Amino acid sequence: IDPRFLDEVQSNREDDGTVTDLSFVDTDGQVVSLEDYKNQKNVLLVFTRGFSGTLCPYCTTQTSRLIANYDKIREKDTEILLVYPGSKAQLPMFQAASTEMSEQDSFPFPVLLDEDLAAVKQLGIVAQLASPSTFIIDREGKVRLSYVGSSPADRPSIQAMLDQLDQIREAG
């Protein structure tokens with residue numbers, strides 16, 4: 174599968190302040206809070222759909238593209254945080270598929286777990302596990318993009334995310 178994601182996106186979810194209050198657990202068991210990035214970097218927060226019996230080819234494709242374009246995103250003073258909702262037991266299979274597609278050995282950015290779906294429920298993005306969702310939060314903690322996909326393939330492209338980050342930079 175070689176999906177074409179959306180090159181132009183606008184927020185389709187009202188920001189109610191819940192995004193920037195989230196915290197997760199990384200794969201080492203450490204708590205990672207979005208508040209930790211405030212006044213430090215922009216954050217590209219991407220929720221995959223999780224594992225509902227099979228690997229989502231759109232999730233692994235999007236993730237492999239994030240891995241492959243990490244340096245371009247990092248150049249825009251932005252950290253990628255990838256959220257995997259659901260069981261930690263299924264995470265290694267997802268990671269292996271994503272890194273294989275990107276031809277990289279590992280993830281260059283944090284993979285965060287939402288095992289009990291607390292964040293997914295708080296944001297109202299519950300689907301089988303989660304709707305594919307992308308949030309861009311600027312260094313001041315303001316949500317600049319809040320995009321929730323209406324289908325598994327409904328996601329911003331890398332170019333769309335880079336364009337959003339350029340708009341933040343231009344706004345100063």
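Going left to right, the sequence shown walks through residues 174 to 345 as my numbering numbers them. Beta carbons are placed, not taken as given, at the ideal position from N, Cα and C, and that holds for glycine. This structure is a prediction, so every number in the text was calculated from the model and none was measured.
Query - Ser196 in three-state terms, based on DSSP - result: On the sequence shown, residue 196 is found 23 positions in, with the first residue counted as 1. If DSSP states are grouped into helix, strand and coil, Ser196 belongs with the strands.
Query raised in the report: How would you label Ala344, buried or exposed, when you count the other beta carbons within 10 angstroms and need 16 or more for buried?
Result: Locating residue 344 in the sequence shown gives position 171, counting from the first residue. With fewer than 16 other Cβ atoms within 10 Å, it is exposed.
Report task. With DSSP as the reference, label Thr221 as helix, strand or coil. Result -> For the purposes of this step, residue 221 is taken as the residue at position 48 of the sequence shown. Thr221 falls in the coil class under three-state DSSP.
Requested in this report: Take Asp250 as the anchor and find which of Glu273, Ala269, Asn215 has the nearest alpha-carbon.
Outcome: The residue given as residue 250 occupies position 77 in the sequence shown. For Asp250, the closest C-alpha among the options Glu273, Ala269, Asn215 is that of Asn215.
Query - Status (buried if at least 16 other CB within 10 Å, exposed otherwise) for Asp289 - result: Working through the sequence shown from its first residue, we reach residue 289 at position 116. With fewer than 16 other Cβ atoms inside 10 Å of its own Cβ, Asp289 counts as exposed.
**Report entry** Contact check, Leu285 vs Phe178, beta carbons under 8 Å
**Finding:** The residue you call residue 285 lines up with position 112 of the sequence shown. The residue you call residue 178 lines up with position 5 of the sequence shown. The answer is no: Cβ separation not under 8 Å.
Query raised in the report: Going straight from the alpha carbon of Arg317 to that of Asp339, what length do you get?
Result: Taking the sequence shown and counting its residues from 1, the one referred to as residue 317 is at position 144. Taking the sequence shown and counting its residues from 1, the one referred to as residue 339 is at position 166. Inter-residue distance for Arg317 and Asp339 is about 11 Å (C-alpha atoms, whole angstroms).
Query - Where the beta strand (DSSP E) through Arg238 begins and ends - result: Against the sequence shown, residue 238 aligns to sequence position 65. From DSSP, Arg238 is part of no beta strand (DSSP E) but of the alpha helix (DSSP H) over 230 to 241.
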